[in-house]
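**Student:** Okay, handing you the structure first.
Number of protein chains: 2
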Amino acid sequence: MKSKQKFLSRDDIINLPKYHRINLINTLSGPRSANLIGTQDSNNIANLAIFNSVTHIGANPPYLGVIMRPLTVVRDTYNNIKALGHYTINSVNEKIYKQAHLTSGKYPSHISEFVEVGLTPAYVDGFPAPYVKECNYSIGLSYQEEHLIACNNTILLIGSIEWVTIQEHGLTSDLCVDYDILQSIAVGGLDTYYKTRKVERLSYAKV
Amino acid sequence: MKSKQKFLSRDDIINLPKYHRINLINTLSGPRSANLIGTQDSNNIANLAIFNSVTHIGANPPYLGVIMRPLTVVRDTYNNIKALGHYTINSVNEKIYKQAHLTSGKYPSHISEFVEVGLTPAYVDGFPAPYVKECNYSIGLSYQEEHLIACNNTILLIGSIEWVTIQEHGLTSDLCVDYDILQSIAVGGLDTYYKTRKVERLSYAKV
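Chains G and C, in that order, give the protein sequences. Taking my numbering, the leading residue of the first sequence gets 457, the next gets one more, and so forth. Taking my numbering, the leading residue of the second sequence gets 457, the next gets one more, and so forth.
Next up, the structure:
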């Protein structure tokens, strides 16, 4: 079905009611991965926060990036990564998306979101940041570099992958993560959760 | 079902066969949006290329970012954006994902991928870059800023949103894009396409 086309100019967008503008712009980039970032502070409080901006930076050596909001209020995840140098990225799945979403609440720094939302911190020997036991795959990272985005003071933070732990049956024979099997969830904007269902794996496009 | 947990250290990952490492690291970030970037060169050749790294940067004013690969070979999309100052981001849907994937082939610069893969360039009055008529929503952007990522020479390129055109029935009453209605597709790594199906919209997490 095709319906009427709606055209919005830059002025139309800027003049939208605040939450309409936030909804539109946050969903325009398309479905995004839902990931929990696990960190620990100097008092050993395990912190957990949901992010929808984790993206691939490179495979050799392996790097992931994430966009962090401006440091206009206390950002526990950012501060813990900079202080500790290590963090985890944990894939949200269909069983835990409600708990994952609750980590977006504004808890004081001395409260562990793991306890508040009912997820379990787990540790890899010698690695100081907690991962999420209920996630089907988790990644340990060390801080690599950051870039302050001039136009709005958001931050691109890049980490180097130190380890991966994954449910083995969720990997194809050539090591793709199968999101159907591991029930990886995607998110639209800030609050709408989508499951993903494989359509097709295509072959390399040869000209 | 829970299966055996597979643990890979950094050394394990770096020592994987090349395509296994590429598959693993490219799929670890979770489902990503599939978008086509439309540009035009100085000879008015309309260029089109698929990207899986479009991400939200900010809503007010509205910005989107994309990660570009290192400039070790000619990158038409990057060069056209820098020369023209404008480009479009177009959401891939279930009807056109095969054609969208084909744009990843290495066509010479004087060949238009629109023609080669069978998609239709369309134009907004006064805006020099083509959008994709077959996409259910498209965004016009102007170049804003870029950051060279030191660890591997990839580039974060940020654009300012100039306009949006969208099938009106795919917007909720408070202006979220509904990926079910508009059949937005997600991608795992470089080649595996997933459809998205809404599970639930959750309310703001209050503490």
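Here a beta-carbon is modelled for each residue, glycine too, at the ideal position from N, C-alpha and C. Just so it is clear, the structure is predicted and the values come from calculations on it, not from any experiment.
Hey, could you find the ends of the alpha helix (DSSP H) G/Thr533 is sitting in?
**Tutor:** 532-540 is the span of the alpha helix (DSSP H), which, as asked, contains G/Thr533.
**Student:** Contact check, C/Ala556 vs C/Leu492 under 8 angstroms by CB: the rounded distance?
**Tutor:** At roughly 6 angstroms, the Cβ-Cβ gap stays under 8 angstroms, so C/Ala556 and C/Leu492 are in contact.
**Student:** Counting only the same chain and skipping the five closest in sequence on each side, list residues whose C-beta sits under 8 angstroms from that of C/Ala539.
**Tutor:** Within the same chain, C/Ala539 has close Cβ partners Asp497, Ser498.
**Student:** Following the continuous alpha helix (DSSP H) through G/Thr559, name the residue where it begins and the one where it ends.
**Tutor:** From DSSP, G/Thr559 is part of no alpha helix (DSSP H); its letter is neither H nor E.
**Student:** Contact check, C/Ile506 vs C/Thr559 under 8 angstroms by CB: the rounded distance?
**Tutor:** Indeed they touch by this definition, with Cβ atoms about 5 angstroms apart.
**Student:** Which residue from G/Glu618, G/Ser568, G/Asp581, G/Ser640 puts its Cα closest to that of C/Val663?
**Tutor:** Nearest option by C-alpha distance: G/Ser568.
**Student:** So C/Phe463 contacts chain G; which residues on that side make the cut at Cβ distance below 9 angstroms?
**Tutor:** The contacting residues are Val580, Trp619, Val620, Thr621, Ile622.
**Student:** Strictly under 9 angstroms for the Cβ-Cβ distance: is C/His476 near chain G by that measure?
**Tutor:** Closer than 9 angstroms to some Cβ of chain G, the Cβ of C/His476 qualifies, so yes.
**Student:** Secondary structure at G/Glu624, three-state DSSP: helix, strand or coil?
**Tutor:** Helix.
**Student:** For C/Glu601, which residues in chain G fall below 8 angstroms Cβ to Cβ?
**Tutor:** Here the neighbours are Ile605, Ala606, Cys607.
**Student:** Going by DSSP, what residues sit across from G/Ala661 in a beta bridge?
**Tutor:** BP columns for G/Ala661 are empty, so no partner.
**Student:** Using a Cβ-Cβ cut-off of 8 angstroms (strictly less than) and excluding sequence neighbours within five positions of G/Tyr650, which residues of its own chain qualify?
**Tutor:** Correct list, in chain order: Pro487, Ile641, Ala642, Val643, Gly644.
**Student:** Along the chain, where does the beta strand (DSSP E) containing C/Glu602 start, and where does it finish?
**Tutor:** Per DSSP, C/Glu602 belongs to the beta strand (DSSP E) from 593-604.
**Student:** Which residue spans inside the stretch 468-492 of chain G form an unbroken alpha helix (DSSP H) run of at least 4?
**Tutor:** Counting whole runs of 4 or more residues, the stretch 468-492 of chain G contains the alpha helix (DSSP H) stretches 474-484.
**Student:** So who's on the other strand from G/Gln496, going by DSSP bridges?
**Tutor:** BP columns for G/Gln496 point to G/Ala502.
**Student:** Determine, using beta carbons only, whether G/Asn536 and G/Thr495 come nearer to each other than 9 angstroms.
**Tutor:** Yes; because the gap between Cβ atoms is below 9 angstroms, this pair is in contact.
**Student:** Can you give me, in chain order, the residues of the stretch 509-520 of chain G that have a beta carbon less than 9 angstroms from any beta carbon in chain C?
**Tutor:** Listed by position, the residues of the stretch 509-520 of chain G near chain C (Cβ gap below 9 angstroms) are Ser509, Val510, Thr511, His512, Ile513, Gly514, Ala515, Asn516, Pro517, Pro518, Tyr519, Leu520.
**Student:** Taking 8 angstroms as the limit between beta carbons, can you name the residues of its chain near G/Ile501, skipping five residues before and five after?
**Tutor:** Ser565, His566, Ile567, Ser568.
**Student:** Starting from C/Asp647, find everything on chain G with Cβ-Cβ shorter than 8 angstroms and list it in chain order.
**Tutor:** In chain order: Arg657, Leu658, Ser659, Tyr660.
**Student:** In chain order, what residues of the same chain lie with their CB nearer than 8 angstroms to the CB of C/Cys591, ignoring the 5 residues before and after it?
**Tutor:** So the list reads Leu492, Asn546, Ser547, Val548, Asn549, Ile552, once near-sequence residues are dropped.
**Student:** In whole angstroms, what separates the C-alpha of C/His542 from that of G/Tyr579?
**Tutor:** Rounded to the nearest angstrom, the two C-alpha atoms are 46 angstroms apart.
**Student:** In or out: C/Tyr587 buried (at least 16 other Cβ within 10 Å) or exposed?
**Tutor:** That one is buried.
**Student:** Confirm, please, whether the CB-CB distance from C/Ile617 to C/Leu597 is below 9 angstroms.
**Tutor:** Yes, the pair counts as a contact, with Cβ atoms nearer than the cut-off.
**Student:** Which residues in chain C have a C-beta closer than 8 angstroms to the C-beta of G/Asp630? List them in chain order.
**Tutor:** The answer, in chain order, is Tyr475, His476, Asn479.
**Student:** With H, G and I counted as helix, E and B as strand and the rest as coil, what does DSSP make of C/Lys462?
**Tutor:** DSSP places C/Lys462 in strand when its eight states are reduced to three.
**Student:** Are any of the Cβ atoms in chain G nearer than 9 angstroms to that of C/Arg531?
**Tutor:** Cβ-Cβ to chain G under 9 angstroms: no for C/Arg531.
**Student:** What is the residue span of the beta strand (DSSP E) that C/Val643 lies within?
**Tutor:** Element bounds for C/Val643: 641-644.
**Student:** Check G/Phe570 in the structure and name its three-state DSSP category.
**Tutor:** Correct three-state label for G/Phe570: helix.
**Student:** So, with DSSP's three-state summary, where would you put C/Tyr635?
**Tutor:** Of the three classes helix, strand and coil, the one that applies to C/Tyr635 here is coil, per DSSP.
**Student:** Please name the residues in the stretch 563-574 of chain G whose beta-carbon is closer than 7 angstroms to at least one beta-carbon of chain C, in chain order.
**Tutor:** Cβ contacts with chain C: Tyr563.
**Student:** Is G/Lys654 close to chain C, meaning its C-beta is less than 9 angstroms from at least one C-beta of that chain?
**Tutor:** Yes, G/Lys654 counts as interfacial toward chain C.
**Student:** Examine chain G for any beta-carbon lying closer than 9 angstroms to the beta-carbon of C/Asn404, and answer yes or no.
**Tutor:** Nothing about residue 404 of chain C can be read from this structure; chain C reaches only from 457 to 663.
**Student:** Is any beta-carbon of chain C found at less than 9 angstroms from that of G/Ala585?
**Tutor:** Not closer than 9 angstroms to any Cβ of chain C, the Cβ of G/Ala585 fails to qualify, so no.
**Student:** Roughly how far, in whole angstroms, is the beta-carbon of C/Cys482 from the beta-carbon of G/Ala515, given that I think they are within contact range, below 8 angstroms?
**Tutor:** According to the sequence as given, residue 482 of chain C is Asn; it is not Cys. Yes, they are in contact, since the Cβ atoms of C/Asn482 and G/Ala515 sit about 6 angstroms apart, within 8 angstroms.
**Student:** What does the alpha-carbon distance come out to for the pair G/Ile478 and C/Asn471?
**Tutor:** Rounded to whole angstroms, G/Ile478 to C/Asn471 spans 43 angstroms at the Cα level.
**Student:** So with CB distances below 9 angstroms, who are the chain G contacts of C/Gly644?
**Tutor:** Neighbours of C/Gly644 on chain G, chain order: Cys632, Val633, Asp634, Tyr635, Ser640, Thr652, Lys654, Arg657.
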